[in-house]
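Numbering (the working numbering), first residue to last: 177 to 300. All residues carry an ideal CB built from backbone N, CA and C; glycine is no exception. The model shown is predicted, which means the values in this text are computed figures rather than measured ones. For reference, the structure discussed in these notes is given below.
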Amino acid sequence: LKWNDIPLAPPDKILGISEAYNNDSNPQKINLGVGAYRDNSGKPIIFPSVKKAEEILLGKETEKEYTAIVGSKNFQSIVKNFIFNNSNKDANGKQLIDDGRIVTAQTISGTGSLRVIADFLNRF
């Protein structure tokens, strides 16, 4: 099998929004696609609150170790509690979080996480 024999994947529909934006000649268009927040001239901006948060995090940084294969346990715990805080019991009254029935894994990016879960569901 050669590289040229592999068919192209269909165009990405989400990134197609940005492509449609770039091809639109309307001067009043607004880019609602993925990426970054932008100013009125279309340049990406970083909100002052985000810059401040980055400064705080950088100041607290103590190491550059890799996380476990499934990600940061602290991050997973925070996310799990955030998502299931108001529904911490199933229909039978059993605990969801404390019972070990919810599993989390940290992945990179939205598309990366979709790929990981798609591969998992396909396999198991």
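Query                                                                                                                                              : Result
According to the Cβ coordinates, are residue 246 and residue 212 closer than 8 angstroms?                                                          : no
Under 8 angstroms, do residue 193 and residue 177 count as touching if we go by C-beta distance?                                                   : no
What did DSSP end up calling residue 244 once you bin it into helix, strand or coil?                                                               : strand
Report the option in 293, 278, 279 whose CA atom is closest to the CA atom of residue 285.                                                         : 293
Return the chain-ordered ranges of every alpha helix (DSSP H) run that is complete within the region 206 to 270 and spans a minimum of 4 residues. : 224 to 236, 249 to 260
What number of angstroms, rounded off, separates the C-alpha of residue 255 from the C-alpha of residue 223?                                       : 23 angstroms
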